[in-house]
Amino acid sequence: MILSASEPFPQTTGRHAWGHDPEVAHYALGGVPVSVTDMTGLVDAMRRRLRRGPGTPGTFVVFRDAHGIVRAQDDPDVMAAHHAALLVCADGRPLAWIGRLRGHARIAQVPGIESVETVCRAGLAEGWRHFFLGGGPGVAEALAHEMARRAPGLAIAGHETLPYRPLTEPESEALHQRIRGAGTQVLWIGLSTPKQELFMHRHAPFLPSTIAMGVGAAFDVNLNTIPRAPAAMTRLGLEWLYRLIREPRRLGRRYATVVPRFLAIVARDRGSSGKP
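The opening residue of the sequence shown carries number 60 in the working numbering; numbering runs sequentially from there.
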């Protein structure tokens, strides 16, 4: 099911968004269903899904931060993608903090950056086949080789770089055929937000028995071409500040808008629910 901006997206009903793993609870932040899970829970959810076997509808995982929460407020297609996802993990530590303040003790930060190696290692025994898609020229191939080095025996289904434009219908169909033909089970997507969420929502229905993982800059960070924030800043939820210091001209205007809007969303939700 793919929704356009002119169509209303299905709302969260009861405990679950309509595309959410039924065994994983979530809480709503600005209408976005944030999964109550941790890295182990992510792997467990993927294992449950992949064990359903051939013909299982394709799905995807979103790694969410404050920027993505704000973008979802402005674009119904982006919001719909979050509701269609198997999981919406708290990539940003503040989303995990908010979940804990709401009484969800099992939620933890699930960084997309760390998920790549963790999932690659976790699926070795079952032979999960991984396809790396996106990033700059040669980045997907380099990441495939790097993950194979870190996780010996990793099954690489393929790697490709996408053009810097929307795919045509024939190109999309050909890409679907290549991914399916390679027996892909885990499809790593290295695009920006919200491009990767919209891409996964658009293409997942054509990729049965596949879980797409939208990890964005994790491609470059895992190759050390973009440094990650020091561990101390990560623990304090200040990765955004590290990125801002490194790229003030690109990110300054974004954060000047995103931070107050995100805080307003949290305050609004707290006012309506009585919880942070």
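C-beta: ideal position from N, C-alpha, C; glycine also. As the structure is a prediction and not an experimental result, all values here were calculated from the model.
- According to the DSSP secondary-structure assignment, LEU109 is paired through a beta bridge with no residue.
- For ALA201 against LEU266, the beta-carbon gap comes to about 23 Å, at or over 8 Å, which does not count as contact.
- Beta-bridge pairing by DSSP links VAL147 to VAL121.
- One alpha carbon belongs to MET259, the other to PHE278, and they sit about 16 Å apart.
- Counting along the chain, the unbroken beta strand (DSSP E) around PRO92 starts and ends at 91-94.
- From the listed residues ASP150, GLN236, TYR314 and PRO135, the smallest Cα separation to THR293 is found for ASP150.
- In the structure shown, the three-state DSSP call for ALA216 is strand.
- By the beta-carbon neighbour count (other beta carbons within 10 angstroms, threshold 16), GLN236 is exposed.
- Linking ALA143 to THR99 through their CA atoms gives a straight-line distance of about 21 Å.
- Residue pairing by DSSP places VAL245 opposite HIS189 and ILE270 in a beta bridge.
- Within its own chain, no residue has a Cβ closer than 6 Å to the Cβ of GLY162 once the five positions on either side in sequence are excluded.
- Secondary structure in the region 249-329: the beta strand (DSSP E) runs of 3 residues or longer, each lying completely within the stretch, are 270-273 in chain order.
- Residue state for HIS79 is assigned as coil, using DSSP reduced to three classes.
- Rounded to whole angstroms, the gap between the alpha carbons of ARG188 and ILE324 is 39 Å.
- Looking at the DSSP output, HIS85 bridges to SER94.
- Burial state of ASP133 is exposed, judged by a 10 Å Cβ sphere holding fewer than 16 other Cβ atoms.
- By the beta-carbon neighbour count (other beta carbons within 10 angstroms, threshold 16), TYR223 is exposed.
- Pairwise C-beta distances place the region 169-179 out of contact with the region 107-119, as fewer than three of them are shorter than 8 Å.
- As the crow flies, the alpha-carbon of ASP124 is around 7 Å from that of LEU154.
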